[in-house]
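J.:
Below, the structure written as structure tokens:
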């Protein structure tokens, strides 16, 4: 692994650890109605902090993508890098991404971990196809098959 890849890996891990909650919130909605924000101070504070987390993460993510673009220009990686499931588009605030654990299952989850497992099975994009990277739309392009990760052995 060259120094550039190692450096980008470290930068991403730093970005992920610093903005872990914003990453999770970008794929799991927690709607707070305006009336509830007005009536409950805690909810108003939480909503404001959520917006700030998203804004800070968005700025850092754009800087990270600029570094990837610089790496492409320098020849460290090619344009296909952006088709890797890792670079899955994070939903914009106005895009529909409401999360309802248990909707597709006959029983309700016993705990939060169970709910997250259900959500990951229902919508693999919510965790950037980490559990099923071979199902990512980019892996269906013939020239990209097995480029980023080998297909699972049967």
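Residue numbers (this note's numbering): 336 to 489.
Where a beta carbon is used, it is the ideal one built from N, C-alpha and C, also for glycine.
All of these numbers come straight from a predicted model, not from anything done at the bench.
1) Using DSSP with H/G/I as helix, E/B as strand and the rest coil, what is residue 555?
2) CA-CA distance, residue 401 and residue 343?
3) Assuming contact is defined by CB atoms lying nearer than 9 Å, are residue 339 and residue 406 in contact in what I supplied?
4) Nearest to residue 355 by CA position, among 374, 380, 369 and 389, is which residue?
5) Relative to the C-alpha of residue 348, which candidate in 382, 379 and 399 has its C-alpha closest?
6) Indicate whether residue 383 and residue 357 have their beta-carbon atoms separated by less than 9 Å.
7) What are the uninterrupted segments assigned as alpha helix (DSSP H) that are 4 or more residues long and contained completely in the region 344 to 398, given in chain order?
8) Do you know offhand how far residue 374's Cα is from residue 393's?
9) At the level of alpha carbons, what is the spacing between residue 451 and residue 408?
10) May I have the straight-line CA-CA distance separating residue 346 from residue 404, to the nearest angstrom?
11) For residue 395, I'd like the list of residues in its chain whose CB is within less than 6 Å of its CB, leaving aside the five on either flank, ordered along the chain.
12) Going straight from the alpha carbon of residue 304 to that of residue 456, what length do you get?
13) How long is the line joining the alpha carbons of residue 368 and residue 412, rounded to whole angstroms?
14) Where does residue 413 sit, in a helix, a strand or coil, going by DSSP?
T.: Here's the rundown:
1) As shown, the chain starts at 336 and ends at 489. That puts residue 555 outside it, with no answer to give.
2) 11 Å
3) yes
4) 389
5) 399
6) no
7) 355 to 360 and 369 to 374
8) 29 Å
9) 38 Å
10) 14 Å
11) 350
12) Any question about residue 304 goes unanswered here, given that the chain covers just 336 to 489.
13) 44 Å
14) coil
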